[in-house]
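> Quick note, the sequences are listed as chains W and L, same order. If you count the first sequence from 1, position 82 lands on 82 in this note's numbering, and the numbers rise without skipping. One rule links them: number in this note's numbering = place in the second sequence (from 1) + 434. Every residue gets a Cβ at the ideal spot worked out from N, C-alpha and C, and that includes glycine. Being a predicted model, the structure only gives us computed values, none of them experimental.
Protein chains: 2
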Amino acid sequence: MVEQQGHVPMKSLIPYDESNHFPLENIPFGAFQNPTTGKTSTCTRIGDLVIDLGLLEQHGLFDGPLFSTLEKDSHVFSHQHLNKFMELGAPYWHEARVTLQTLFSHDSSKINQELLSQVSFSYNAVQMTLPVFIRDYTDFYSSKNHAYNVGVMFRGPENALQPNYLHLPVGYHGRASSIVLDGKEIIRPRGQTSADQKNPSFSECKRLDFELEIGAFVGKSNPLGQPVKIGEAPYHIFGFCLLNDWSARDIQAWEYVPLGPFNAKNFATTISPWIITSEALEPFKVKLPVQDPTPLKYLQDDNNYSYNVDLEVHLQTPQLQEGTLISKSNFKYMYWSTNQQLVHHTVTGCNLNVGDLLGSGTISGPVKEEYGSMLELSWGGKEPLKLPNGEERTFLQDGDTLTIRGVCKGQGYTIGFGDCSGKILPALDESNFF
Amino acid sequence: MVEQQGHVPMKSLIPYDESNHFPLENIPFGAFQNPTTGKTSTCTRIGDLVIDLGLLEQHGLFDGPLFSTLEKDSHVFSHQHLNKFMELGAPYWHEARVTLQTLFSHDSSKINQELLSQVSFSYNAVQMTLPVFIRDYTDFYSSKNHAYNVGVMFRGPENALQPNYLHLPVGYHGRASSIVLDGKEIIRPRGQTSADQKNPSFSECKRLDFELEIGAFVGKSNPLGQPVKIGEAPYHIFGFCLLNDWSARDIQAWEYVPLGPFNAKNFATTISPWIITSEALEPFKVKLPVQDPTPLKYLQDDNNYSYNVDLEVHLQTPQLQEGTLISKSNFKYMYWSTNQQLVHHTVTGCNLNVGDLLGSGTISGPVKEEYGSMLELSWGGKEPLKLPNGEERTFLQDGDTLTIRGVCKGQGYTIGFGDCSGKILPALDESNFF
Ligand SMILES: [Ca+2]
Ligand SMILES: [Ca+2]
Ligand SMILES: [Mg+2]
Ligand SMILES: [Mg+2]
Ligand code: NI
């Protein structure tokens, strides 16, 4: 549950230094366009090299006891998405991880320089693609600090948390089709807003926001009608990514009663390219505080945990090319765990499929420097953020680039998630609408 | 826009009478398990025969000018879902319809008895399957009568409609994975409910409800960031089905603030097996009343329409084997049209994909006999429905079967949707949860 004591960092045949986010201890999973074959394939990353898992598979290098039982032409890695690999289940995920750590260890007998140059590519030279086919996407609201802050702004401190908040992980179904990868530019949305909450106007979004989140990928399905028990939940989670739930606050305020956010959220959600597996994150588990009130039995977990992932939000503007840190938070600031979210999702019988994505909800820490949205950082727009060059920001402006980063600091090694970034483009002009 | 004047019913080589729901004027699209080949394939229905479209395709019978341009091995119908066919676009939908009407007309030169017996199956002998791969499902709330009734129950008649209701088609993202076909049994959900809206308990749903809806299938995608204009919307809609948005009212009441319904809806949504195309429904268009207030320009439609589809809800109980009509409504009772829903969905840039499903929202007529949910029919449980055998119902009980039917009455012919039915099974016992 705590970071490894006296861990000796693994040594790889691929050189990288201690601060590199992709040591052998990481072994993330993703997808990319192979620049040589032109094909989209699944991949991992070690140091600064992206490695084509489809090619390794075609070379017969996944030869552990479990993978050896698969039919010769099953090709779980030679696809544009990771779903087929994920569907194999946790024992296979573990074996693939160990196989890759062994193949690329400093004393590997199976990877020579010629093979390495054939299967690996400099990270800067490749185009990453969406790692998973996400059929259904759900977003939760599980950081109490965030829910409290939003509640104070809208209802005052006495009624900040809704009556249900401490009893269930509130969530809503999000839009799967508009999930995009790190780097995709985001067009400022237009839609209905209403200053007086009575008469609407058609306007570009003036309160464009980000939400700092972590996404969890489902790796094991449950059949329709059959809920998942809390003790089983960890086996249903393949791994995690960074997630930015772009939000149009003025559109949201007008539309969200009574059925929740819709146009305000469905124009884009950005995820980081790498899935960091539950196994890689195991050394960074952090026990969550005891929940008071005690939740109903189906949500009770003696071993309720999150992970110690340092999260940072950087803002770059057209005038501020360097980018500046505007928030630091941590995945440990969760009230409801990912396991509890997953269990709650299935309690009435909803079936989750391999590849489904569960957003954590905006992860805000207890103090202002740790808030996970512009809404909170600028306190509803009333306290503009001051940037190092004298610029101010309440919400995001055209040309701004917002980047989320996540890092786990181990003993002698670092595990990173890769960037989750997007630049804001101006809204389309009205001729696109009527 | 009105029903055809002096339409002479088409004559088919497949015999059926005037009251049959699947004359040549219908040509619905679906999918089924072919009992001979054992394969799932797409299909249509004429009279009481289900016809395998994959087999017709393999016989080269889709030979119109557009289909002839497709590559020989493109096989748009030889799949378990209709998506590939739908992706071809409206001109192909029209050609396929005309081809089928010609092939199976009474004077057809291409279908002899031997071929007919090879490609067709008695409807009662086949298992229908989900017609489309639905990646994203959205449910709207566009019947003003329904929204008003629910509003009166929760907030009184003065504030029945939320301020945004007459300005935008309110909707939320639903759960795609739990959409099931007609006939699938529905397990009564368990989850959190709260009598005092403060302290929850874990309980089986005691207010299990249906929602009478029509679903629209998207047949043309729009790219991320690019909204659909109102004049283009009709070309994006392939066709329609019946839809029952099963709802656990007691779970919904506790969970839905502030992000909308979640567990209360995601355990199941039932659809009818056939997609009735926009083209088949064309003669049944009904102009919708002028909207007051006038919506914003992007939603304005001089030709705002719905369809004259008679809808019926039948309830069968363990004691009442016959089933009894508990509601009659009509698709014309919409405030916001399907075209307006689709346009609104994309206004901030959300991309819709071929196969996406848009639920109309519960379709209630103006009078009690036309209400589209038990919540309304029993007025929040206060006025139980009396069934012919003396039984009463506020909400659905174990063993009840709820069936939605839809019919358009043309001149000398009838177009039906097929049943949208589900039987309620008892909740799982608690050992399935912890
Ligand atoms: Ca969020
Ligand atoms: Ca509904
Ligand atoms: Mg989003
Ligand atoms: Mg539903
Ligand atoms: Ni024609």
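Can you pull the chain W residues whose beta carbon is under 8 Å from the beta carbon of residue 782/L, in chain order?
Going along chain W in sequence order, the residues near residue 782/L (Cβ under 8 Å) are 189, 190, 191, 205, 248, 251, 263, 264, 266, 267.
> Are there 16 or more other CB atoms within 10 angstroms of the CB of residue 151/W, so buried, or fewer, so exposed?
Per the 10 Å Cβ criterion, buried.
> How many angstroms separate the CA atom of residue 42/W from the CA atom of residue 52/W?
Distance between the alpha carbons of residue 42/W and residue 52/W is about 6 Å.
> Against chain L, does residue 167/W count as a neighbour if the rule is that its beta carbon must be under 8 Å from one of theirs?
Judged by the 8 Å Cβ criterion, residue 167/W is in contact with chain L.
> Looking at residue 679/L and ligand 2, is the gap between the Cβ and the nearest heavy atom below 7 Å?
For ligand 2, at least one heavy atom lies less than 7 Å from the Cβ of residue 679/L.
> Compute the distance between the beta-carbons of residue 30/W and residue 234/W, then report whether it is under 8 Å.
No.
> Rank 676/L, 824/L, 810/L by C-alpha distance to the C-alpha of residue 851/L and give the top, closest one.
Residue 676/L is the option with its Cα nearest to residue 851/L.
> Between the C-alpha atoms of residue 602/L and residue 652/L, what's the straight-line distance to the nearest angstrom?
Their Cα atoms are separated by approximately 20 Å.
> Counting along the chain, where does the alpha helix (DSSP H) carrying residue 250/W start and finish?
Taken as a continuous stretch (DSSP letters only), the alpha helix (DSSP H) holding residue 250/W covers 249-255.
> Measuring straight from C-alpha to C-alpha, what distance separates residue 68/W and residue 220/W?
Straight-line Cα distance between these residues: approximately 21 Å.
> When the distance is taken between beta carbons, is residue 200/W closer than 8 Å to residue 730/L?
It is a contact, given that the beta carbons lie within the stated cut-off.
> Measuring alpha carbon to alpha carbon, tell me which residue in 315/W, 338/W, 133/W is nearest residue 354/W.
It is 133/W whose Cα lies nearest to the Cα of residue 354/W.
> Between the beta-carbon of residue 456/L and the beta-carbon of residue 488/L, is there less than 8 Å?
No, they are not a contact pair.
> Using beta-carbon positions only, say whether residue 777/L and residue 732/L come within less than 8 Å of one another.
A contact, by the Cβ cut-off of 8 Å.
> Taking all protein chains shown into account, decide if residue 555/L is buried (16 or more other Cβ within 10 angstroms of its Cβ) or exposed.
Per the 10 Å Cβ criterion, buried.
> Closer than 7 Å by C-beta to residue 228/W: which residues in its own chain qualify, once you throw out the five before and the five after it? Chain order, please.
Excluding positions up to five away in sequence, the list reads 222, 236, 342, 343, 346.
> Using only the heavy atoms of ligand 2, determine whether one of them is closer than 7 Å to the beta carbon of residue 796/L.
Checking every heavy atom of ligand 2 against the Cβ of residue 796/L, one is found closer than 7 Å.
> Ligand 2 and residue 573/L: does the residue's C-beta get closer than 7 Å to at least one heavy atom of that ligand?
Answer for residue 573/L: yes, Cβ within range of ligand 2.
> Does any residue of chain L bring its CB to less than 8 Å from the CB of residue 255/W?
Judged by the 8 Å Cβ criterion, residue 255/W is in contact with chain L.
> Strictly under 8 Å for the Cβ-Cβ distance: is residue 435/L near chain W by that measure?
For residue 435/L, the pLDDT reaches just 34, beneath the cut-off of 50, and the residue's location in the model is therefore unreliable, leaving the point undetermined.
> Taking CB distances under 8 Å as the criterion, tell me whether residue 577/L reaches chain W.
Not closer than 8 Å to any Cβ of chain W, the Cβ of residue 577/L fails to qualify, so no.
> Given that residue 383/L touches chain W, what residues does it touch there, using C-beta distances under 8 Å?
What is shown of chain L runs 435 to 868, which leaves residue 383/L out entirely.
> Can you grab the Cα-Cα spacing for the pair residue 849/L / residue 616/L, in whole Å?
So the two alpha carbons sit approximately 18 Å from each other.
> Please check if any C-beta of chain W sits within less than 8 Å of the C-beta of residue 672/L.
False, the Cβ-Cβ gap to chain W never drops below 8 Å.
> Is residue 694/L close to chain W? Criterion is C-beta to C-beta, closer than 8 Å.
Yes - at least one Cβ of chain W is within 8 Å of the one on residue 694/L.
> If you reduce the DSSP assignment to three classes, tell me which class residue 741/L lands in.
Of the three classes helix, strand and coil, the one that applies to residue 741/L here is strand, per DSSP.
> Use the C-beta contact count for residue 865/L: other C-beta atoms within 10 angstroms, 16 or more gives buried, fewer gives exposed.
It is exposed - the Cβ of residue 865/L has fewer than 16 other Cβ atoms within 10 Å.
> Keeping to the same chain, check which residues put their C-beta closer than 7 Å to that of residue 211/W; ignore five residues upstream and five downstream.
Result list for residue 211/W: 244, 245, 247, 362, 372, 373, in chain order.
> Going along chain W in order, which residues have a C-beta closer than 7 Å to the C-beta of residue 631/L?
The answer, in chain order, is 163.
> What I want to know is whether the C-beta of residue 793/L ends up closer than 7 Å to one or more non-hydrogen atoms of ligand 2.
Yes.
> Roughly how many whole angstroms lie between the Cα atoms of residue 433/W and residue 196/W?
If you take the alpha carbons of residue 433/W and residue 196/W, they lie about 24 Å apart.
> Can you list the residues of chain W that residue 570/L reaches, using a CB-CB cut of under 7 Å?
By Cβ distance, chain W contributes 175, 176, 177.
> Which residue from 774/L, 748/L, 856/L puts its Cα closest to that of residue 665/L?
Checked all of 774/L, 748/L, 856/L; the closest Cα to residue 665/L is 774/L.
> Closest Cβ-Cβ distance between residue 170/W and chain L: below 8 Å?
So, interface residue.
> List in chain order: all unbroken alpha helix (DSSP H) runs of 4+ residues lying wholly within the segment 486-527 of chain L.
With a minimum length of 4 residues, the continuous alpha helix (DSSP H) runs that stay inside the segment 486-527 of chain L are 487-492, 517-521.
> Sorted by chain position, which residues of the same chain lie with C-beta nearer than 7 Å to residue 441/L's C-beta, five sequence neighbours on each side aside?
Counting only Cβ-Cβ distances below 7 Å, and skipping sequence neighbours, we find 844, 845, 846.
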